[in-house]
Amino acid sequence: MDFSVVIEYFPRLLQGAWVSLQLVAISIVLGGAFALPIALARISPVGWIRAIPFAYIFFFRGTPLLVQIFLVYYGASQFDAVRESVFWPILKEPFWCAIIAFTLNTSAYTAEIFRGAIQAIPQGEVEACKVVGMSKFQMYRRILLPRAFGIVLPAYGNEIILMLKGSALASTITILDLTGMSRTIIARTYTPMEIFLAAGGIYLVISIVIIAIFRQIELRQNRYLGTLSIKVPDKG
Amino acid sequence: MKFKKIVLGSALLLTAALSSVTVQAADKVRFATEGAWAPFNFIDSAGNPQGFDVDIARALCAKMQADCEIVTQDWDGLIPGLKVRKFDAIIASMSITEDRLKVVDFTNKYYSGGLRFMGRTGEEFNLMDLEGKTIGAQRATLGAQYLEDNFEGKADLKFYDNQDNVYLDLVSGRLDIVLSDELPTYNWLKTSEDGSKFEFKGDAFMKTDNIAIAIRKGDKKLEDKLNKALAEILANGTYQKINAKYFPFSIY
């Protein structure tokens, strides 16, 4: 093992990591924005409104992310109609194809997380809202969504880390993210162990930062639960 | 005490199993190819590797009277796979390069290649003026390396996992120009549905590109056997027959 290649190529690995971070950040923000309406539609009392997000979530959770990326990148470009459309300047770029695939994918997962959180709120709280005469909008804005936000945090932090790892698939459509950059370096140096170990280390550091940030938000958001921590009895 | 016995027993079993694997491997030559580089190596509709490289490997095995196995492996995993003994030889249209010689050994060449640009028919092409063009190649190939060395920062370079995806993006218009080996490109232009809309641009270069079988560093025994068999099929006409199956001219 010769770790001098890691030192030599470290700046390029960091360049790749920066691209990975951009991919994850943009798709998480867009995906989160889409997820909320999808989650709300998913719990609608009206059957056909429920059916659309159900089918959407079913498709994006039930197929591999790699297939979704290929469908957006190589699939869409097969059609002349797409190539001549106004969307081509965006669909031409691998970066935006990855953003589209990641956003669609993460919005499906996040919508399910949101739905679960909203439904996890005790029925009594919903009834209390109705009793004090809140409209449906007020009830969601004042009580249900803020409550759901607190419940959602651990699972949502997980989803972001899954997205970070999933972003490695961007390398399959020519993007030089952390994984793509590693593979390009290895094509020169033939030192897969050293470079992939370094790349894995960088992914870990990013994950640790994400976990730490979510821990802080969780503590803040759920601070009203502060004294309710569960005491584990000492082993006797 | 009992636990200790179990551990010792399983360790013995494991050693036995491992040593029997190495003994078996010695009688057998495991070739790896990529399976995405038509007509040199590709996967047929039944899922078996086929092509010039594969035919040569089979002819060599017949000459060496060795028990052979041909496996497929993604291009950029071939050399790492060879190093960790997943297979014994790579027959995947691999060029002998200085970088590769640092990590593997090569047999004598079994054909010669060369690089050549390709683009849309009728479009102007000037090697000196590729600024702003998008050029594609397969990652970890001679073509990709040439582009990195000569056009990094001058043109927009895109590297792909396999050559099929390079063709897809050329057809879709994401790529303006492709740099690849001349012979597979020749085959694609002639035989594929989309090939008729594209043509070679400029002349072939790096014609001294020797393509050979890669083996692990220091595996002299296999190298000698392969070289001997290669000389024999070149002398007895087997090689020429295989050549004619794929190209109307000699590629040696």
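Residue numbers (my numbering), protein chains in the order written: chain X, 3 to 238; chain U, 883 to 1134.
Virtual Cβ for every residue (Gly too), placed ideally from N, Cα, C.
What you are looking at is a predicted structure, and each value in this text was computed from that prediction instead of being measured.
- When the alpha-carbon of Leu964(U) is set against those of Leu942(U), Leu1057(U), Glu916(U), Ile1059(U), the nearest one is in Glu916(U).
- Buried is the label assigned to Ala1111(U), since at least 16 other Cβ atoms lie within 10 Å of its Cβ.
- Secondary structure note for Tyr992(U): its beta strand (DSSP E) is the uninterrupted segment 986 to 994.
- Residue-level contact check: Glu1030(U) touches chain X, since one or more beta carbons of chain X fall below 9 angstroms from its beta carbon.
- Fewer than three beta-carbon pairs drawn from the segment 1076 to 1090 of chain U and the segment 1099 to 1109 of chain U are found closer than 8 angstroms, and the two stretches are therefore not classed as touching.
- Using beta-carbon distances, Ile71(X) does not count as an interface residue toward chain U, since no partner is under 9 angstroms.
- By the neighbour-count definition (other C-beta atoms within 10 Å, threshold 16), Leu25(X) is a buried residue.
- Within its own chain, the residues whose Cβ lies closer than 7 angstroms to the Cβ of Gln1045(U), once the five positions on either side in sequence are excluded, are Ala918, Trp919, Gln1020, Ser1062, Pro1066, listed in chain order.
- Taken through DSSP and simplified to helix, strand or coil, Thr954(U) comes out as strand.
- Fully enclosed alpha helix (DSSP H) runs of no fewer than 4 residues occupy 67 to 72, 82 to 85, 90 to 93, 96 to 122 of the segment 63 to 125 of chain X, in order along the chain.
- Among the CB atoms of chain X, one or more fall inside 9 angstroms of the CB of Lys1040(U).
- Listed as beta-bridge partners of Arg998(U) by DSSP are Ser1062(U).
- Burial of Val1048(U) is indicated by the presence of at least 16 other C-beta atoms within 10 angstroms of its C-beta.
- Between Gly995(U) and Asn1092(U), the C-beta gap is smaller than 9 angstroms, which places the two residues in contact.
- Annotation: the continuous alpha helix (DSSP H) that includes Asn1125(U) extends over 1120 to 1128.
- When Cβ pairs closer than 8 angstroms are counted between the two stretches, the segment 46 to 59 of chain X is seen to touch the segment 105 to 114 of chain X, the count reaching three or more.
- With a contact defined as Cβ atoms closer than 8 angstroms, Ile1095(U) and Phe988(U) qualify at about 7 angstroms.
- 9 angstroms or more divides the Cβ of Met165(X) from the Cβ of Val21(X).
- Three or more Cβ pairs closer than 8 angstroms define a contact, and the segment 938 to 953 of chain U falls short of that threshold against the segment 1037 to 1044 of chain U.
- From the beta-carbon of Arg14(X), no residue of chain U is found nearer than 8 angstroms; the closest lies around 12 angstroms away.
- The distance from the Cβ of Ile175(X) to that of Tyr11(X) is about 22 angstroms, inconsistent with a contact at the 8 angstroms cut-off.
- If you draw a 10 Å sphere on the C-beta of Asn1118(U), you find fewer than 16 other C-beta atoms in it, and that means exposed.
- A distance of 9 angstroms or more separates the beta carbons of Ala189(X) and Gly18(X).
- Within chain U, the residues placing a beta-carbon under 9 angstroms from that of Gln80(X) are Leu1050, Val1053, Ser1054, ordered along the chain.
- Taking a cut-off of 8 angstroms on C-beta distances, the segment 112 to 131 of chain X does not touch the segment 79 to 92 of chain X, as fewer than three cross pairs fall below it.
- In this structure, Ile1124(U) lies near Phe934(U), with their beta-carbon atoms less than 9 angstroms apart.
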